[in-house]
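Q:
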Amino acid sequence: MPILLTNATLATMVQGYGLIEGGALVIDGDQIAFAGPMDDLPAAFGGLAPQDLGGKLVTPGLIDCHTHIVFAGDRAAEFELRLNGASYEQVARAGGGILSTVRATRAASEAELLAQALTRADQIIAGGATVIEVKSGYGLTVADELKMLRVARQIGQHRAVRVKVTHLAAHAIPPDYQGRAGAYISEVAIPVLHQAAALGLIDAVDAFCEGIAFSVAEVDRLFAQACALGLPVKLHAEQLSDLKGAVMAAGYGALSADHLEYLGVDGVAAMAASGSVAVILPGAFYTLRETQMPPIAALRQAGVAMAVATDCNPGSSPMTSLTLAMNMACTLFRMTPLEALQGTTLHAARALGLADCGVLAAGKRADLCIWNARHPAELSYRIGATPLHARMFGGRFDA
Ligand code: DI6
Ligand code: FE
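Using my numbering, read the sequence shown as starting at 219 and increasing by one per residue.
Encoded structure:
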């Protein structure tokens with residue numbers, strides 16, 4: 219039997235908020251059959267028993283389009299050391315930083331990794347997410363990257379959430395490849411790409427293009443292989459410096475370029491031309507106490523779609539709340555609450571190449587959130603609240 223929800227404040231996100239007071243939704247199976255004003259409800263649905271939402275806000279299910287939730291251990295001890303005066307270098311020499319996460323991730327069994335990833339997925343889901351993108355990148359050997367990718371794939375089999383899995387073997391240079399980043403691309407990143415693609419483990423290919431990671435030319439070589447396999451690309455670009463990674467990624471028609479604090483006018487223009495989404499990650503900016511802001515006004519002016527995500531990872535963004543990411547995007551970057559919500563719905567869907575979600579409209583997947591809120595700006599306005607009243611995934615409410 220289809221489900222009829224009435225007396226809803228719909229933020230359909232079809233155009234702007236697409237706000238409809240006194241709205242109705244009909245859910246048939248895993249799809250939305252109707253979303254609009256109660257007065258326009260087709261007669262065919264008139265006989266359904268309505269569930270009155272009392273004016274509560276309904277939005278599309280939120281989409282976290284950039285996470286690194288598969289990893290073992292945490293970096294809380296390192297956080298404490300640094301706040302007690304240890305420098306980043308001292309921490310690194312003591313075995314901390316990203317390579318400590320790599321060691322813990324290599325040592326963990328697949329079952330342990332999955333259990334930890336599910337805990338983080340549960341927190342993101344509890345905030346209203348119905349789609350989560352998950353990257354590899356803490357294995358850095360062929361076997362360990364494949365292990366991470368298998369774990370990422372399993373998340374969606376254990377939870378009511380859709381997972382898009384991204385190859386990020388080119389995330390950091392492991393100790394045995396120091397000074398030999400090109401060899402790492404040839405001997406690890408590209409072989410992982412071919413094996414993972416053959417196993418159907420990946421939906422996209424990402425890389426960390428940065429002075430401390432991989433050059434534009436090295437990433438270009440990886441992306442050429444992704445392109446040959448028909449896989450879309452996305453890129454950690456211009457997070458710490460302007461290497462022109464976004465321009466290169468745009469040349470591949472990248473789904474997105476992410477972070478972008480140091481993006482230049484050429485990068486903005488290239489992204490506008492390619493239709494790549496700018497994924498804004500305020501959690502990393504906040505954690506790293508970065509001061510260079512991504513060029514939000516220029517992106518807006520150029521008509522580049524902006525998404526917002528948690529970047530959940532143990533180092534630069536130990537955050538599992540999308541509404542907190544939205545709040546930070548508004549307060550730190552002066553994005554508007556409308557842009558923040560587009561950034562976790564409509565534009566996040568685009569950043570993942572998904573056309574069947576991100577808006578409330580007939581024919582789309584029945585992934586939605588009912589909020590203890592009346593206006594969508596409330597989702598960005600509160601700090602640390604989880605105003606979710608109920609979540610529906612594929613036509614089913616959570617138990
Ligand atoms: N940029 C980041 O902020 C994270 N990865 C990346 O490419 C940091 C990951 C970590 O510190 O564990
Ligand atoms: Fe990231």
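Think of the CB as a built atom: it goes at the ideal place given N, C-alpha and C, for glycine as much as any other residue.
Taking 7 angstroms as the limit between beta carbons, can you name the residues of its chain near Ala580, skipping five residues before and five after?
A: The answer, listed in chain order, is Ile250, Ala251, Phe252, Ala253.
Q: Reducing DSSP to helix, strand and coil, say where Gly357 ends up.
A: Gly357 falls in the coil class under three-state DSSP.
Q: Can the beta-carbon of Val451 be found closer than 9 angstroms to that of Ala422?
A: In this structure, Ala422 lies closer than 9 angstroms to Val451 by Cβ.
Q: Nearest by alpha-carbon distance to Asn531: which of Gln334, Ile221, Ala261 is it?
A: Nearest C-alpha to Asn531: Gln334.
Q: If you reduce the DSSP assignment to three classes, tell me which class Gly429 lands in.
A: The answer is coil: DSSP assigns Gly429 none of H, G, I, E or B.
Q: Could you check whether the Cβ of Pro393 sits closer than 9 angstroms to any Cβ belonging to chain C?
A: The structure shown contains no chain C, having only a single protein chain.
Q: Would you kindly work out how many angstroms separate the C-alpha atoms of Leu299 and Gly313, rounded to a whole number?
A: About 12 angstroms.
Q: Nearest to Val526 by alpha carbon, out of Tyr402, Pro500, Thr505?
A: It is Pro500.
Q: I want to know whether the segment 559 to 568 touches the segment 604 to 612 - three or more CB-CB distances under 8 angstroms.
A: No: the two stretches stay apart, fewer than three of their Cβ pairs being nearer than 8 angstroms.
Q: Strictly by DSSP, which residues pair up with Ser535?
A: DSSP, once it has assigned bridges, lists Asn531 as partnering Ser535.
Q: Alpha helix (DSSP H) containing Gln308: first to last residue?
A: 306 to 311 is the extent of the alpha helix (DSSP H) around Gln308.
Q: Pull up the distance between the alpha-carbon of Ala267 and that of Val369, whole angstroms please.
A: For Ala267 and Val369, the distance between alpha carbons rounds to 41 angstroms.
Q: Looking only at C-alpha atoms, which of Thr528, Leu517, Gly521, Val483 sits nearest to Thr505?
A: If we check each option's Cα against that of Thr505, Thr528 comes out closest.
Q: For the beta strand (DSSP E) containing Gln249, name the first residue and the last one.
A: Gln249 -> beta strand (DSSP E) spans 249 to 255.
Q: Return yes when the Cβ of Leu271 is within less than 9 angstroms of the Cβ of Ile588, no when it is not.
A: In this structure, Leu271 lies closer than 9 angstroms to Ile588 by Cβ.
Q: At what residues does the alpha helix (DSSP H) containing Ser492 begin and finish?
A: Residues 483 to 492.
Q: Taking 9 angstroms as the cut-off, decide whether the C-beta atoms of Val276 and Leu586 are in contact.
A: Taking 9 angstroms as the Cβ cut-off, Val276 and Leu586 qualify as a contacting pair.
Q: Along the chain, where does the beta strand (DSSP E) that runs through Ala520 open and close?
A: First-last for Ala520: 514 to 520, but that is the alpha helix (DSSP H), not the beta strand (DSSP E).
Q: Gly241 bridges to which residues according to DSSP?
A: DSSP lists Ala226, Pro255 as partners of Gly241.
Q: In three-state terms, what does DSSP make of Gln375?
A: The answer is helix: DSSP assigns Gln375 an H, G or I state.
Q: Is Glu428 near ligand 1, in the sense that its beta carbon is under 8 angstroms from a heavy atom of that ligand?
A: Checking every heavy atom of ligand 1 against the Cβ of Glu428, one is found closer than 8 angstroms.
Q: What are the start and end residues of the beta strand (DSSP E) that includes Ser404?
A: Premise fails: Ser404 is in no beta strand (DSSP E) and is neither H nor E.
Q: If you count every other CB in all the chains shown that lies within 10 Å of the CB of Asp305, and 16 or more means buried, which is it?
A: Residue 305 is actually Ser in this sequence, not Asp. By the neighbour-count rule (16 or more Cβ atoms within 10 Å), Ser305 is not buried but exposed.
Q: Counting along the chain, where does the alpha helix (DSSP H) carrying Asp340 start and finish?
A: From DSSP, the alpha helix (DSSP H) with Asp340 extends over 328 to 344.
Q: Anyone know if the C-beta pair for Ile238 and Leu223 falls short of 9 angstroms?
A: The answer is no: Cβ separation not under 9 angstroms.
Q: Just reading off the alpha helix (DSSP H) that Cys587 is part of, what are its end residues?
A: Careful: Cys587 lies outside any alpha helix (DSSP H), inside the beta strand (DSSP E) at 586 to 589.
Q: Return the first residue and the last residue of the alpha helix (DSSP H) that Gln560 is part of.
A: Unbroken alpha helix (DSSP H) run through Gln560: 555 to 561.
Q: Looking at the structure shown, is Lys452 part of a helix, part of a strand, or coil, going by DSSP?
A: If DSSP states are grouped into helix, strand and coil, Lys452 belongs with the strands.
Q: Ends of the beta strand (DSSP E) at Leu275?
A: Note, Leu275: beta strand (DSSP E), 275 to 278.
Q: For Arg371, which residues from the same chain have a beta carbon less than 6 angstroms from its beta carbon, with the 5 sequence-adjacent residues on both sides left out?
A: Same-chain partners within the cutoff: Val383, Leu419.
Q: Check for me: the beta strand (DSSP E) holding Met466 runs from which residue to which?
A: Note, Met466: premise wrong, no beta strand (DSSP E); alpha helix (DSSP H) at 463 to 469.
Q: Relative to the C-alpha of Ala516, which candidate in Ser535, Thr509, Ala496 has its C-alpha closest?
A: Of the listed residues, the one whose Cα sits closest to Ala516 is Ala496.
Q: Identify whether Lys365 lies in helix, strand or coil by the three-state DSSP scheme.
A: Three-state result, Lys365: helix.
Q: Go to Ala475, then tell me how far its beta strand (DSSP E) extends in each direction, as first and last residue.
A: That run of the beta strand (DSSP E) goes 474 to 477.
Q: For Ala325 and Tyr356, what's the separation of their Cα atoms in angstroms?
A: Each residue's alpha carbon lies about 11 angstroms from the other.
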